[in-house]
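According to my numbering, the sequence shown holds residues 4 to 369 in order.
Everything below concerns the one structure shown next.
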Amino acid sequence: MKILSIVGARPNFMKVAPLHRAFLAHPTIQSRIVHTGQHYDSRMSDVFFNQLQLPVPDYFLGIGGGSHTQQMANIMLAFEPILQAEKPDVVLVVGDVNSTIACALVAVKEHIPVVHVEAGLRSGDRGMPEEINRILTDSISDFLFVTERAGMENLAVENVASEKVFFVGNVMIDSLVQYRQQAQKLRLLEEHNLPDGGYVLMTMHRPANVDQEKGLKSILQIIKNTAAHQTVVFPVHPRTLNNLERFGLRTELEAIPNLYLMEPQGYLEFLNLMEHASLIITDSGGIQEETTFLQIPCLTFRDSTERPITVELGTNYLLSDLNPESVHALLMDILNGQAKKGTIPPLWDGHAAERITNILLEKFCN
């Protein structure tokens, strides 16, 4: 069985890495990796490949930026000849980025089965490009591997045949489990003179939050309020940095007392920073899951989440606006020891990739 796995953005790397390793453990599986280059920055891509022990991709499409339509069209045009040459038994896509739906569409047109890992997640907000990608990818996939029970329910409502849907757990947690000890050995706190358990870790990169001056000004005020009580550690995403400069806010950010700015971190470094934080503020999807597993309080600045289990069972709080006063009130409750006690969701045990591999072997090799 030949499997072509697609990566396009950094969160995909942590999901494909355990799958690639699980595939290589079986001599009957040939595993190939296609990197579309949808998000490419050597600081934020190459280091992830190295740390996750992923090989150099078999194919690099070098797509880069552009509008959603341009990006998807370019991916499809570049991926089609690869698919025709490789003739895989399966195309495996993960998550919800443009590379996910673009490569799935090409595979379907070539009559090649599509596997969607992290299927069934829904935010209910069709204004999010990722929501459209999720819905469309699930509608054309042949095997849908789900991370949480809500995903099963969503797919049932959408009339996806139950025999195509499998609840397997979370492959991103597989990576966390595998690399947690290695990350713990790093000495980042000493290198950066950070207090253990005495800082708030922050990430912010979504266009809805950082592409408008008003949103960035609210974020700066939230940082000021937070830094008055604890050190804030902020690895700044390139998109966020560019917008801070565009709106003339970078100097104001850099002048905030008790704020430690960093360049984007590798996977292991960021995992180490998460482990030692008292609280995490983010607008990321994956960090909601990682903090739930690590039992660390997380404030997520988004109107909705496609990962409801992180709120219902986990340590995640969803904040639909960037109101500094309401954020500050919740922040103080958490820092004063009143954070909710989350639990780790079912099957988030580090073995999701093995379950997926066994199902594919049963379907294609028996």
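A virtual CB, placed ideally from N, CA and C, is assigned to each residue, including glycine.
Keep in mind that this is a model prediction, so the values were computed, not measured.
{"Asked": "Report, in whole angstroms, the separation of the C-beta atoms of I283 and T294, which I expect to be a contact under 8 Å.", "Found": "5 Å"}
{"Asked": "Which runs of the beta strand (DSSP E) fall wholly inside the region 283-318 and span at least 3 residues, in chain order?", "Found": "301-304"}
{"Asked": "If L191 and E257 are in contact, beta carbons under 8 Å, what's the gap, nearest whole angstrom?", "Found": "No, L191 and E257 are not in contact; Cβ-Cβ is about 21 Å, not under 8 Å."}
{"Asked": "Name the residue from I259, F296, G317 and K343 whose alpha carbon lies nearest to the alpha carbon of K227.", "Found": "I259"}
{"Asked": "Could you give the C-beta distance for S281 and Q233, rounded to a whole number, given that I count them as a contact under 8 Å?", "Found": "7 Å"}
{"Asked": "Roughly how many angstroms lie between the CA atoms of P116 and K5, to the nearest whole one?", "Found": "11 Å"}
{"Asked": "Where E151 and F296 are concerned, what is the direct C-alpha to C-alpha distance, given to the nearest angstrom?", "Found": "13 Å"}
{"Asked": "Between which two residues does the alpha helix (DSSP H) containing S323 stretch?", "Found": "From DSSP, S323 is part of no alpha helix (DSSP H); its letter is neither H nor E."}
{"Asked": "Taking only the alpha-carbon atoms, compute the straight-line gap between L204 and H195 and give it to the nearest angstrom.", "Found": "13 Å"}
{"Asked": "Comparing C-alpha positions only, which one of E315, T313, P300 and L325 sits nearest to Q341?", "Found": "P300"}
{"Asked": "Please report the Cβ distance between I104 and L139, rounded to the nearest whole angstrom; I am assuming they are in contact, meaning their Cβ atoms lie under 8 Å.", "Found": "5 Å"}
{"Asked": "Would you call the CB atoms of Q187 and E255 closer than 9 Å?", "Found": "no"}
{"Asked": "So the alpha helix (DSSP H) L363 belongs to, where does it begin and stop?", "Found": "A355 to C368"}
{"Asked": "Count the other CB atoms within 10 Å of the CB of M75; is the residue buried (16 or more) or exposed (fewer)?", "Found": "buried"}
{"Asked": "Going by DSSP, what residues sit across from V168 in a beta bridge?", "Found": "L147"}
{"Asked": "Can you tell which of V10, L274 and R249 has the C-alpha that lies nearest to the C-alpha of R183?", "Found": "L274"}
{"Asked": "Whole angstroms is fine: what's the gap from V163's alpha carbon to R249's?", "Found": "45 Å"}
{"Asked": "Which residues mark the beginning and the end of the beta strand (DSSP E) in which V97 is found?", "Found": "V93 to V97"}
{"Asked": "Going by DSSP, what residue range makes up the alpha helix (DSSP H) through H71?", "Found": "H71 to E89"}
{"Asked": "Once you ignore the five residues that flank N136 on each side, which residues in its own chain have a CB closer than 8 Å to its CB?", "Found": "D99, V100, N101, T103 and I104"}
{"Asked": "Compare the beta carbon distance of V171 and L350 with 9 Å and say whether it is the shorter of the two.", "Found": "yes"}
{"Asked": "Report the rounded CA-to-CA distance for E309 versus R24, giving the unit in angstroms.", "Found": "27 Å"}
{"Asked": "Tell me, please, which residues DSSP counts as bridged to I9.", "Found": "V37"}
{"Asked": "Determine the direct distance from the alpha carbon of A81 to that of F367, and round the result to whole angstroms.", "Found": "27 Å"}
{"Asked": "Could you pull the start and end residues of the alpha helix (DSSP H) that F273 belongs to?", "Found": "Y270 to E278"}
{"Asked": "Do L108 and M79 have their beta-carbon atoms positioned less than 9 Å apart in this structure?", "Found": "yes"}
{"Asked": "So what's E113 in DSSP terms, helix, strand or just coil?", "Found": "coil"}
{"Asked": "Taking the straight line between their C-alpha atoms, what separation do you get for G345 and L189?", "Found": "26 Å"}
{"Asked": "In angstroms, rounded to a whole number, what distance separates the CA positions of N246 and S165?", "Found": "45 Å"}
{"Asked": "Take N15 and list the residues in its own chain whose beta-carbon comes closer than 6 Å to its own, dropping the five residues that flank it on each side.", "Found": "V97 and G98"}
{"Asked": "To the nearest angstrom, report how far apart G353 and F148 are at their CA atoms.", "Found": "15 Å"}
{"Asked": "So what does DSSP say about F250, is it helix, strand or coil?", "Found": "coil"}
{"Asked": "Quick one: Cα of H119 to Cα of V59, how far?", "Found": "22 Å"}
{"Asked": "Name the DSSP bridge partner or partners of M205?", "Found": "I284"}
{"Asked": "Cutting at 8 Å between CB atoms, please list the residues of its own chain near I143, excluding the five before and the five after it.", "Found": "A107, L108, V111 and V117"}
{"Asked": "What are the boundary residues of the beta strand (DSSP E) that includes M265?", "Found": "L262 to M265"}
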